[in-house]
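Undergrad:
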Amino acid sequence: MAYSKDGEIIDLFGSLTTVIEMDPFEFWEKIADLLTTPPSDYPRRWEVYCRREEAPQFSYSSMSAVGALLSALPPASALHLANSSAVRYAQLYPLPPTVEVCSNRGTNGIEGSLSTALGYAFYSDKINYLIIGDLSFFYDMNALWSQHVRSNLRILLLNNGGGEIFHTLSGLQMSTQAKPYITAPHTASARAWAEDCGFTYIRVENDEQLSQAINVLTDSNEQRSPLLVEVFTNREEDAALLTSYYKQLSKQK
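Heads up, the sequence shown is in my numbering, so the first residue is 6 and it goes up one at a time.
1. Kindly list the residues whose CB is nearer than 8 Å to the CB of Leu215, restricted to its own chain and excluding five residues on each side of it in sequence; keep chain order.
2. Looking at the structure shown, is Thr121 part of a helix, part of a strand, or coil, going by DSSP?
3. Smallest Cα separation from Pro190: which of Asp145, Ala91, Ser230 and Thr238?
4. For Tyr94, collect the residues of the same chain with a Cβ closer than 6 Å to its Cβ; drop the 5 residues on either side in sequence, then sort them by chain order.
5. Taking just the CA atoms, how far does Ala122 sit from Leu100?
6. Grab the span of the alpha helix (DSSP H) containing Ala83 for me, first residue to last.
7. Please go through the same chain and pick out, in chain order, the residues whose beta-carbon is closer than 8 Å to the beta-carbon of Arg196, but skip the five residues on each side of it.
8. Spatial neighbours of Thr192 within its chain, please: CB distance less than 8 Å, with the 5 preceding and 5 following residues excluded, ordered by chain position.
9. Counting C-beta neighbours from all protein chains within 10 Å, is the total for Pro80 16 or more, i.e. buried, or is it exposed?
10. The alpha helix (DSSP H) with Gly72 in it runs from where to where?
11. With Gln98 and Leu119 assumed to form a contact (beta carbons below 8 Å), what rounded beta-carbon distance in angstroms separates them?
12. Looking at Ala83 and the ligand SAH, is the gap between the Cβ and the nearest heavy atom below 8 Å?
13. Quick test of your reading: Leu149 and Cys202, contact by CB under 8 Å. State the CB separation rounded to the nearest angstrom.
14. What's the C-alpha gap between Pro29 and Asp11?
15. List the endpoints of the continuous alpha helix (DSSP H) containing Ile207.
16. Counting C-beta neighbours from all protein chains within 10 Å, is the total for Asn211 16 or more, i.e. buried, or is it exposed?
17. Can the beta-carbon of Asn164 be found less than 9 Å from the beta-carbon of Phe142?
18. How about Ile136 and Leu86: are their beta carbons less than 9 Å apart?
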């Protein structure tokens with residue numbers, strides 16, 4: 006489903022069959038009762054159930070880093086979510102209703118999320134936080150070279166040496182090409198580039214360092230320079246923790 010304010014029809018994959026000309030909110034409102042047959046209160050019950058679910062408690066991992074930041078966000082801040090893992094992890098945790106949430110997804114997933122957050126922060130009067138994975142960051146890292154980076158931009162970079170999210174998808178282990186061409190493992194760090202671009206850089210490798218870094222990242226008085234916190238985790242451990250969590254959820258249901 007695609008939405009265009011100016012009414013332009015974009016058939017990205019050349020397979021569009023139907024165009025519905027109406028406001029998205031009105032569309033979902035009209036089909037809400039048709040989500041089950043016969044109509045029921047299933048959507049409402051599902052919403053209540055999701056709100057009742059407690060936030061997960063992960064050991065040191067990409068997920069725990071996201072949870073730590075979200076639980077400490079200043080109430081009047083803006084949160085930018087990059088692609089794939091950043092969104093999947095963030096939806097596991099509650100957010101204050103006063104936090105503005107923005108997200109940008111390119112055609113193939115990773116491109117432009119850093120540039121978008123940087124541009125938005127330049128015109129924003131809030132502290133802007135970006136949660137981004139390593140592949141998305143390094144793809145768009147030239148954005149930090151911009152002369153328009155302000156001190157209100159703060160980045161949480163999840164670096165587990167590749168595309169961890171693909172390790173949770175069934176079937177990839179069947180191909181010997183999965184690692185080099187899909188997971189894209191690497192040993193890169195953002196430190197030199199971030200510091201060259203005027204960012205205050207903090208490296209995190211354990212729970213204690215993460216706690217200290219989150220305190221700096223969420224300090225509303227810390228306005229001297231833009232900040233980048235790079236959290237290093239193990240992608241196999243991240244994938245195993247996430248898979249275990251989802252299995253526990255399925256058992257509860």
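All residues carry an ideal CB built from backbone N, CA and C; glycine is no exception. Computed from a prediction, not measured in an experiment: that's the story for all the values here.
TA: In this structure, then:
1. For this step, residue 215 is matched to residue 210 along the sequence shown. Within the same chain, Leu215 has close Cβ partners Tyr65, Ser69, Ala70, Ala73, Val209 and Val236.
2. The residue labelled residue 121 in the question sits at position 116 within the sequence shown. If DSSP states are grouped into helix, strand and coil, Thr121 belongs with the helices.
3. On the sequence shown, residue 190 is found 185 positions in, with the first residue counted as 1. With distances taken between Cα atoms, Pro190 lies closest to Thr238.
4. As a first step, residue 94 must be located in the sequence shown, where it is residue number 89. Once the five neighbours on either side are set aside, the close Cβ partners of Tyr94 are Met68 and Val71.
5. For this step, residue 100 is matched to residue 95 along the sequence shown. For this step, residue 122 is matched to residue 117 along the sequence shown. Approximately 19 Å between the Cα atoms of the pair.
6. Residue mapping note: residue 83 aligns to position 78 of the sequence shown, counting from 1. Counting along the chain, Ala83 falls outside any alpha helix (DSSP H), though it belongs to the beta strand (DSSP E) covering Ala83 to Leu86.
7. Looking up residue 196 in the sequence shown gives position 191. Taken in chain order, the residues that qualify are Tyr206, Arg208 and Glu235.
8. Position 187 of the sequence shown, counted from the first residue, corresponds to residue 192. For Thr192, where only same-chain residues beyond five positions count, the Cβ hits under 8 Å are Gly166.
9. The sequence position of residue 80 within the sequence shown is 75, counting from 1. The residue is exposed, with fewer than 16 neighbouring Cβ atoms inside 10 Å.
10. Residue 72 sits at position 67 when you count from the first residue of the sequence shown. Segment Ser67 to Ala77, the alpha helix (DSSP H) holding Gly72.
11. Counted from its first residue, the sequence shown places residue 98 at position 93. Counted from its first residue, the sequence shown places residue 119 at position 114. Note that residue 98 is Tyr in the sequence shown here, rather than Gln. With 8 Å as the limit, Tyr98 and Leu119 do not qualify as a contact, their Cβ atoms being about 22 Å apart.
12. Ligands displayed in this structure: none; no statement on the ligand SAH is therefore possible.
13. Residue 149 sits at position 144 when you count from the first residue of the sequence shown. Residue 202 sits at position 197 when you count from the first residue of the sequence shown. Contact holds; Cβ gap of about 4 Å.
14. Counted from its first residue, the sequence shown places residue 29 at position 24. Counted from its first residue, the sequence shown places residue 11 at position 6. Straight-line Cα distance between these residues: approximately 13 Å.
15. Taking the first residue of the sequence shown as 1, we reach residue 207 at position 202. From DSSP, Ile207 is part of no alpha helix (DSSP H) but of the beta strand (DSSP E) over Thr205 to Val209.
16. Taking the first residue of the sequence shown as position 1, residue 211 is located at position 206. Under this definition Asn211 is an exposed residue.
17. Reading the sequence shown from its first residue, position 159 is the one you call residue 164. Reading the sequence shown from its first residue, position 137 is the one you call residue 142. Result yes, Cβ atoms of Asn164 and Phe142 sit closer than 9 Å.
18. As a working mapping, residue 136 is identified with position 131 in the sequence shown. As a working mapping, residue 86 is identified with position 81 in the sequence shown. Their beta carbons are under 9 Å apart, which means Ile136 touches Leu86 by this criterion.
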